[in-house]
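Undergrad:
Protein chains in written order, with this note's numbering: chain E, 12 to 217; chain C, 8 to 213.
1) Quick one: complete beta strand (DSSP E) runs, 3+ long, within the region 29–116 of chain E?
2) What three-state label does DSSP hand residue 67 of chain C in the structure shown?
3) Spell out the partners DSSP gives residue 15 of chain E in its beta bridges.
4) Look at the alpha carbon of residue 14 of chain C and the alpha carbon of residue 71 of chain E, and state the distance between them as a whole number of angstroms.
5) Measure from the C-beta of residue 147 of chain C to each C-beta in chain E and report whether the shortest distance is under 8 angstroms.
6) Let me know the secondary structure DSSP gives residue 62 of chain C once reduced to three states.
7) If I'm right that residue 108 of chain C touches residue 112 of chain E with Cβ under 8 angstroms, what's the distance once you round it to whole angstroms?
8) DSSP puts residue 36 of chain C in a beta bridge; with which residues?
9) In angstroms, rounded to a whole number, what distance separates the CA positions of residue 194 of chain C and residue 16 of chain E?
10) Between the C-alpha atoms of residue 57 of chain E and residue 81 of chain E, what's the straight-line distance to the nearest angstrom?
11) According to the Cβ coordinates, are residue 63 of chain C and residue 22 of chain C closer than 8 angstroms?
12) Thinking C-alpha only, which one of E:51, E:14, E:20 and E:52 is nearest residue 40 of chain E?
13) In this structure, how does DSSP classify residue 192 of chain E when only helix, strand and coil are distinguished?
14) Could you check the C-alpha separation between residue 86 of chain E and residue 18 of chain E for me, to the nearest Å?
15) Check the C-beta distance from residue 208 of chain C over to residue 171 of chain C and give it rounded, since I have them as a contact under 8 angstroms.
16) Confirm, please, whether the CB-CB distance from residue 212 of chain E to residue 176 of chain E is below 8 angstroms.
17) Check whether the region 139–154 of chain E touches the region 115–126 of chain E, taking contact to mean three or more Cβ pairs, one atom from each stretch, closer than 8 angstroms.
18) Does DSSP classify residue 160 of chain C as helix, strand or coil?
19) Under the rule that 16 or more other beta-carbon atoms within 10 Å means buried, what is residue 197 of chain E, buried or exposed?
20) Please tell me whether residue 98 of chain E and residue 81 of chain C are closer than 8 angstroms, where the distance is taken between their beta carbons.
21) Between the C-alpha atoms of residue 215 of chain E and residue 100 of chain E, what's the straight-line distance to the nearest angstrom?
22) Do residue 21 of chain E and residue 44 of chain E have their beta-carbon atoms positioned less than 8 angstroms apart in this structure?
23) Return the bridge partner residues of residue 85 of chain C from the DSSP annotation.
24) Between which two residues does the alpha helix (DSSP H) containing residue 175 of chain E stretch?
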């Protein structure tokens, strides 16, 4: 059976948990990282020298890097449209996944840390607001795409919606001001109807 | 097919190297840094993220360098740059993602410090921190290359491309401290035997 190692509060672990939910794929799960620790231990580093979560173990195959894990599971255990067959749709889906790594995640992290992982008394309000504005500018790029297509890569839900879907949940639940992005809101409402999203993502932030 | 982006960009180089490996012809237009272009309305319409490269192929537009490399490899490099085995493919993608999440961000300050900043403006502390982080990241690459000839297995794949560009840059820096990493050095020597690598990557630091 598939094993997923990594705390279920991690956005990167949630990508894989959400995908497993979409696929109806059974798995064993072990909380590692954050308050659970373990990701700096030799037995974990032996399977993931990068020391982050998640790591997945599928038989004798070990894989880490959350987006690669998400795509691997979709390719192995899923089908079109989740793992898009059309090369252009697949290219677009993968682009939004990569962009979450290169651009959206660095924009989200300072806001998330400021509002979720810092006690109210210790928060640097000006720094958080400056970071929130930058995050909002990135959210606007997602909104503009969703003005043209129902889901990020086209008419159907694909693996390309997963990384930014998790960002969207955080955008909507963090205690802060939000500009109105109607297309993002419409897409997010669709995501919230998915059981796998509810189960893996719509949980308290930590 | 057209690639938009300056040849000196590591992200553009990924795409040019991949295309040369596959013998695919294309047009290229300069954009980014000294060439500008990325701030124009026309470019923003193609690529709202305003970085380079952007691929334009008929009515299909794609950005995010690793997503472009995967798309082109799927179209033109099946069984070569694009592994036919699902697990080899996922492992190649893992090393591509890892460059985006870890190797690239760790490298930014040493590159900007040593290549873009004049000597009197260098932040030596930031440069050393980035050097140490890169060395430690390259130890992870070295450990993989102790087990396999190439990053994803027995053969050169697209998974070698992003890290290969960083290897060139790491070894091209003058006067920095570098731990001896024999497996990395063997792999880097093998990369240097590839004409496409010499032509598009070993072009100086700019």
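Beta carbons: idealized from backbone N, C-alpha and C, even for Gly.
Please read all numbers here as calculations on a predicted model, not as lab measurements.
TA: Well, looking at it:
1) 38–41, 66–69 and 72–75
2) In the displayed model, residue 67 of chain C falls within a strand according to three-state DSSP.
3) E:40 and E:67
4) 41 angstroms
5) yes
6) strand
7) At roughly 5 angstroms, the Cβ-Cβ gap stays under 8 angstroms, so residue 108 of chain C and residue 112 of chain E are in contact.
8) C:11
9) 31 angstroms
10) Distance between residue 57 of chain E and residue 81 of chain E, taken at the CA atoms: about 21 angstroms.
11) No, these two residues do not count as a Cβ contact at 8 angstroms.
12) Residue nearest to residue 40 of chain E within the set E:51, E:14, E:20 and E:52 is E:14 (criterion: CA-CA distance).
13) coil
14) 24 angstroms
15) Right, their Cβ atoms sit about 7 angstroms apart.
16) yes
17) Yes, the region 139–154 of chain E touches the region 115–126 of chain E.
18) Strand at residue 160 of chain C.
19) exposed
20) yes
21) 32 angstroms
22) yes
23) DSSP output for residue 85 of chain C lists C:89 as bridge partner(s).
24) 173–184
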